[in-house]
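Read in order, the letters of the sequence shown are residues 0 to 280 in numbering that gives the first Met the number 0. Every residue gets a Cβ at the ideal spot worked out from N, C-alpha and C, and that includes glycine.
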Amino acid sequence: MRKFILLIVVGFCLLSDVHAQPVTPVNEELLPTEKILKVLSDSIIRGSTDIVRRAAVAEFNERMLDLLKKPASFSYPFDSIKALSKLRTSDNRTRIYTWFHQSRDDGTYRYFGLIQRFNPAKTEMRLIGLIEKKCDNDTIEMKELNSDSWMGAVYYDLIEKKVKSGYHYYLLGWIGHDRYTTRKVLEVLTFDRYDNVAFGAPVFIDEKSKKKWREVFEFTAEAVMLLRYEKKKKMFVFDHLSPASPSAKGQFRYYGPDFTYDGYRYKKGLWYYKSNLDMRN
């Protein structure tokens, strides 16, 4: 997906509540494209060859880009496209779309993302493309990224935290890595005064009292890992991952949940690592 940032003039009607919005004459014009995207999405996931999958994702990307340039798309549900992740901030200014393509031949993944960012003062909508960039595993947790160096993930939850500079948007993401391992990520999304995107912030204090910009977990593709935000506990909680045997230490294809839980608890602007959580209540 090519680099781009688009500004689109829109009306204040975009600030209205759009959850469970009925189809109107305004968004009926988007229905034909949604139907095409649904077919393409199915081909991306279930295509019988890599040629079919690559062609489908290329067309899907172009159609999504064209569709999200239209102001009406900001309030459109896209409910039929199950492989498309859609998250929205509570102030209804930001909408985040992510999706992926997996190679049938070698099992590797590619990730794609778009962000719609509405500026009520200027009645403009900014469309920001996220460009995946493969990062060194040893340093990925220690750096800030941007829209041109995105880690790549399918985000499934968004949690907001008010800070002095505005908001931190915490994104929980799934990352199919290859046939052997899966990853999950606890990411931080921020916008500056010009609505430029940044991923990562030095707000996580790990078990060694070291600051991290994000938390990345890697484990066997055969396992399922818990990573979620617990509102009652006001914590991010997750499975503790351990190798199947001491000799497999550092070989993440042999890592999985060990039936204990860790987490991050917020205090004075930072998230502090907590181990051996009691998850019974």
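Kindly identify the DSSP beta-bridge partner or partners of residue i.
i	result
residue 214	185
residue 200	Note: residue 200 sits in no beta bridge, so no partner.
residue 180	219
residue 114	95, 127
residue 165	162
residue 271	204, 264
residue 174	182
residue 229	234
residue 145	197
Compare the beta carbon distance of residue i and residue j with 8 Å and say whether it is the shorter of the two.
i	j	result
residue 40	residue 155	no
residue 71	residue 44	no
residue 158	residue 150	no
residue 235	residue 262	yes
residue 26	residue 96	no
residue 219	residue 169	no
residue 222	residue 201	no
residue 93	residue 114	yes
residue 73	residue 124	yes
residue 204	residue 271	yes
residue 30	residue 66	no
residue 136	residue 197	no
residue 108	residue 117	no
Residue i lies in the alpha helix (DSSP H); which residues open and close that run?
i	result
residue 277	Premise fails: residue 277 is in no alpha helix (DSSP H) and is neither H nor E.
residue 35	30 to 45
residue 63	49 to 67
Give me the Cβ distance between residue i and residue j, rounded to the nearest whole Å; I'm assuming they're in contact under 8 Å.
i	j	result
residue 227	residue 187	Not quite, the Cβ-Cβ distance comes to about 16 Å (not below 8 Å), so this is no contact.
residue 112	residue 86	Going by Cβ atoms, the distance from residue 112 to residue 86 rounds to 11 Å, so no, they are not a contact pair.
residue 104	residue 49	5 Å
residue 260	residue 276	4 Å
residue 110	residue 153	7 Å
residue 172	residue 183	7 Å
residue 42	residue 55	4 Å
residue 206	residue 251	That pair is no contact at about 18 Å.
Where does residue i land, buried or exposed, given buried means 16+ other C-beta within 10 angstroms?
i	result
residue 211	buried
residue 278	exposed
residue 180	buried
residue 178	exposed
residue 244	exposed
residue 284	Any property of residue 284 remains undetermined from this structure, which presents the chain solely from 0 to 280.
residue 127	buried
residue 265	exposed
residue 33	buried
residue 36	buried
residue 21	Because residue 21 carries a pLDDT of 45, less than 50, the predicted location of this residue cannot be relied on, and no value is offered for it.
residue 258	exposed
residue 23	With a pLDDT of 49 at residue 23, under the threshold of 50, the modelled position of this residue cannot be trusted; read the value that follows with caution. That one is exposed.
residue 225	exposed
residue 90	exposed
residue 238	buried
For the beta strand (DSSP E) holding residue i, just list the boundary residues, first then last.
i	result
residue 241	234 to 242
residue 161	153 to 162
residue 258	254 to 266
residue 85	84 to 87
residue 289	The requested residue 289 is not part of the displayed model; the chain covers only 0 to 280.
residue 99	93 to 101
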